[in-house]
Amino acid sequence: MTSVLFVCQSNAVCSPIAEALLKHLAADRFEVMSVGLEPTTIDTHALAALQRLGVITEGLFSKGLDAVEEQYFDIVISLCEQVEDAARAIPASQFMAWHFDGACCDSPQQAAKVVHEIFERIKLLVLLQDRKVKPLW
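Counting in the numbering used here, the sequence shown runs from -14 upward without gaps.
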């Protein structure tokens, strides 16, 4: 299994969305976590947008960096520029920066847009990782 960690500032919007979507799409192939530098409560619009897509949000909660102390990940993905340095310091084989700076969920429409944008990248990540395991040719 490939271990993936998503990191953002508050672990309230982008990183829990990414965690839930990757688990929804490929829990059989990925171990997924998300953390924030200053964790707060997960945004209710974000949770509702995920639930409208049939994504399970039960058990999804905001976590800080202490939740991943002394852990190693195959991939660490920074979701906002402010946390890039902290995310790079987490032991991993690969680092990616998917910056969604300014992403907010002030309305159901904004939340749906953020979920859609993150889901597009999640699908690409899964496709690329699957091709590493099973090449096309």
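Every residue gets a Cβ at the ideal spot worked out from N, C-alpha and C, and that includes glycine.
| task | Apply the 10 Å Cβ neighbour rule to D51 and answer buried if 16 or more other Cβ atoms are within range, or exposed otherwise. | result | Within the sequence shown, the letter at position 66 stands for residue 51. Classification for D51: exposed.
| said: Per DSSP, what are the beta-bridge partners of G44 in this structure? | reply: In the sequence shown, the residue the question calls residue 44 occupies position 59. G44 pairs with nothing; no bridge assigned.
| task | Measuring alpha carbon to alpha carbon, tell me which of Q(-6), Q79, C(-1) ends up nearest R106. | result | Reading the sequence shown from its first residue, position 121 is the one you call residue 106. R106 has its Cα closest to that of C(-1), out of Q(-6), Q79, C(-1).
| query | In terms of alpha-carbon separation, which member of V99, G49, A77 lies closest to A31? | reply | For this step, residue 31 is matched to residue 46 along the sequence shown. Minimum Cα distance to A31 is reached at V99.
| query | From what residue to what residue does the alpha helix (DSSP H) around E66 run? | reply | Here residue 66 refers to the residue found at position 81 of the sequence shown. Neither: E66 is in no alpha helix (DSSP H) and is coded neither H nor E.
| request: Pick helix, strand or coil for L22, following the three-state DSSP scheme. | output: Here the question's residue 22 lines up with position 37 in the sequence shown. In the structure shown, L22 sits in coil (DSSP, three-state: anything other than H, G, I, E or B).
| request: State the Cα-Cα distance for the pair K48 and L38, rounded to the nearest angstrom. | output: On the sequence shown, residue 48 is found 63 positions in, with the first residue counted as 1. On the sequence shown, residue 38 is found 53 positions in, with the first residue counted as 1. Approximately 23 Å, taken between the alpha carbons.
| said: Let me make sure I understand the geometry here. Which of D70, P76, K8 has the alpha-carbon closest to that of E55? | reply: The residue you call residue 55 lines up with position 70 of the sequence shown. Comparing Cα positions, the closest option is P76.
| task | Drop a sphere of 10 angstroms on the beta-carbon of I41, count the other beta-carbons inside from all chains shown, and report buried for 16 or more, exposed for fewer. | result | On the sequence shown, residue 41 is found 56 positions in, with the first residue counted as 1. Classification for I41: exposed.
| query | By DSSP, does Q36 sit in helix, in strand, or in coil? | reply | Taking the sequence shown and counting its residues from 1, the one referred to as residue 36 is at position 51. Of the three classes helix, strand and coil, the one that applies to Q36 here is helix, per DSSP.
| task | Could you spell out the range, first to last residue, of the beta strand (DSSP E) harbouring S0? | result | Locating residue 0 in the sequence shown gives position 15, where the first residue counts as 1. That residue, S0, is in no beta strand (DSSP E); its alpha helix (DSSP H) goes -1 to 11.
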